[in-house]
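K.L.:
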Amino acid sequence: MASKQHADAAKQHKYAHKPVPSKIPKHNMSKDKKEETETEKPIQLKDIHDMMKAMMTKLEKLDFIEIKVHAVEEDLRKMRDSIEYVHAEVDDLKAENIGRKKTDEDTKQRLEKLQKENEILNKSVIDLKARSMRDIKPFFYNLPESKDEDTTNLIHGLLEEKLDIKDARVNVKIDRSHRLGKPKSGTTRPRPIVAKFNYFQDREQIRRNARKLKGTKLAIGEQFPEKIMKIRKELYPEFKKEREGSG
Numbered sequence: 001m002a003s004k005q006h007a008d009a010a011k012q013h014k015y016a017h018k019p020v021p022s023k024i025p026k027h028n029m030s031k032d033k034k035e036e037t038e039t040e041k042p043i044q045l046k047d048i049h050d051m052m053k054a055m056m057t058k059l060e061k062l063d064f065i066e067i068k069v070h071a072v073e074e075d076l077r078k079m080r081d082s083i084e085y086v087h088a089e090v091d092d093l094k095a096e097n098i099g100r101k102k103t104d105e106d107t108k109q110r111l112e113k114l115q116k117e118n119e120i121l122n123k124s125v126i127d128l129k130a131r132s133m134r135d136i137k138p139f140f141y142n143l144p145e146s147k148d149e150d151t152t153n154l155i156h157g158l159l160e161e162k163l164d165i166k167d168a169r170v171n172v173k174i175d176r177s178h179r180l181g182k183p184k185s186g187t188t189r190p191r192p193i194v195a196k197f198n199y200f201q202d203r204e205q206i207r208r209n210a211r212k213l214k215g216t217k218l219a220i221g222e223q224f225p226e227k228i229m230k231i232r233k234e235l236y237p238e239f240k241k242e243r244e245g246s247g
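Those letters in the sequence shown? Residues 1 to 247, per UniProt numbering, in order.
#1: Does DSSP classify Asp50 as helix, strand or coil?
#2: If you follow the alpha helix (DSSP H) that Ile155 is in, where does it begin and where does it stop?
#3: Could you say which of Phe197, Leu163, Val125, Glu222 lies nearest to Pro138 if we only look at CA atoms?
#4: Keeping to the same chain, check which residues put their C-beta closer than 6 Å to that of Lys212; ignore five residues upstream and five downstream.
#5: Kindly indicate the opening and closing residues of the beta strand (DSSP E) around Val172.
#6: Just curious, the beta strand (DSSP E) that residue 258 is in, first and last residue?
#7: Can you look up Ser177 in the DSSP assignment and give me helix, strand or coil?
#8: For Phe140 and Pro192, which I take to be in contact (beta-carbon distance under 8 Å), what is that distance rounded to the nearest angstrom?
#9: Is the separation between the beta-carbon of Leu218 and that of Leu158 shorter than 8 Å?
#10: Just checking my contact of Ile220 with Phe197 at CB under 8 Å: how many whole Å lie between their CB atoms?
#11: What residue range does the beta strand (DSSP E) around Ile193 cover?
#12: I need the DSSP call for Lys147, collapsed to helix, strand or coil.
#13: Could you give the distance in angstroms between the alpha-carbon of Ile98 and the alpha-carbon of Arg77?
#14: Hey, how far is the Cα of Glu149 from the Cα of Ile155?
#15: Which of helix, strand or coil does DSSP assign to Lys166?
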């Protein structure tokens, strides 16, 4: 009995290591697997082709974008250069404007200085004119001349008697008076008397009334400063010529 059981166990062990034949035919399985492999292969190549094509399209877009970016960068560079140029021009204009303001200020100061100098000169001219007017001395012609005479008294007498100036001896002040030049022998013509009056108004009154001596031998003239007399002497020929031409 034991021998039989032992024999059955050995038999089972033998058949356990023996491969069980497959019910699927071996030939058909290899054919399907081959067909499946051949079907998958062209699909993978197409995908790769499409993927490469998509990548190339994206690369082309990237190239286009890069070109655009370069163009924008170039435009920005040109714009930056233009802005820098404008800034430089503005700086130059500012500097030029500052220079012009300084020049205008200098010119203004020079004009103000010239105006002040002109005012000073005008005042000097007026002062010189006033001095010249004060320095003008009247000449009295053909008043009788005698030894030890009082020329001031002779003038006062002329003013009262011929020019109708009342109380001339009291009201008209004469600083000094004298005959002009040295006496000449052999002539009876009296030398002119020159007088310096204390007040300008008195002298002007005498000058205005001098026309009352018209028709007499007496006359009143004026003595100007030496420089004015020189100019009058130089201009007199022209004055005489014009007067004769107009007559």
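Virtual Cβ for every residue (Gly too), placed ideally from N, Cα, C.
P.N.:
Based on what the coordinates show:
#1: Stepping through the sequence shown from its first residue, residue 50 is reached at position 50. Note: Asp50 maps to helix in three-state DSSP.
#2: Locating residue 155 in the sequence shown gives position 155, where the first residue counts as 1. For Ile155, the enclosing alpha helix (DSSP H) begins and ends at 151–161.
#3: Translated into the one-based positions of the sequence shown, residue 138 becomes position 138. Considering only alpha carbons, the answer is Glu222.
#4: Within the sequence shown, residue 212 is the residue found at index 212, counting from 1. Only Leu163 meet the Cβ criterion.
#5: As a working note, residue 172 is residue 172 in the sequence shown. First-last for Val172: undefined, no H or E at that position.
#6: Residue numbering for the chain in the displayed model covers 1 to 247; residue 258 lies beyond these limits and cannot be assessed.
#7: Position 177 of the sequence shown holds residue 177. It is a strand residue.
#8: Against the sequence shown, residue 140 aligns to sequence position 140. Against the sequence shown, residue 192 aligns to sequence position 192. Correct: roughly 6 Å between the Cβ atoms.
#9: Numbered from its first residue, the sequence shown carries residue 218 at position 218. Numbered from its first residue, the sequence shown carries residue 158 at position 158. Yes, the Cβ-Cβ distance between Leu218 and Leu158 is below 8 Å.
#10: Residue 220 sits at position 220 when you count from the first residue of the sequence shown. Residue 197 sits at position 197 when you count from the first residue of the sequence shown. The Cβ separation is near 12 Å, so there is no contact.
#11: What you label residue 193 is simply residue 193 of the sequence shown in a count that begins at 1. Per DSSP, Ile193 is one residue of the beta strand (DSSP E) stretching across 193–197.
#12: Position 147 of the sequence shown holds residue 147. In the structure shown, Lys147 sits in coil (DSSP, three-state: anything other than H, G, I, E or B).
#13: By 1-based counting over the sequence shown, the position of residue 98 is 98. By 1-based counting over the sequence shown, the position of residue 77 is 77. A straight-line Cα-Cα distance of about 31 Å links Ile98 and Arg77.
#14: Here the question's residue 149 lines up with position 149 in the sequence shown. Here the question's residue 155 lines up with position 155 in the sequence shown. Roughly 11 Å between the two C-alpha positions.
#15: What you label residue 166 is simply residue 166 of the sequence shown in a count that begins at 1. Lys166: coil per DSSP, three-state reduction.
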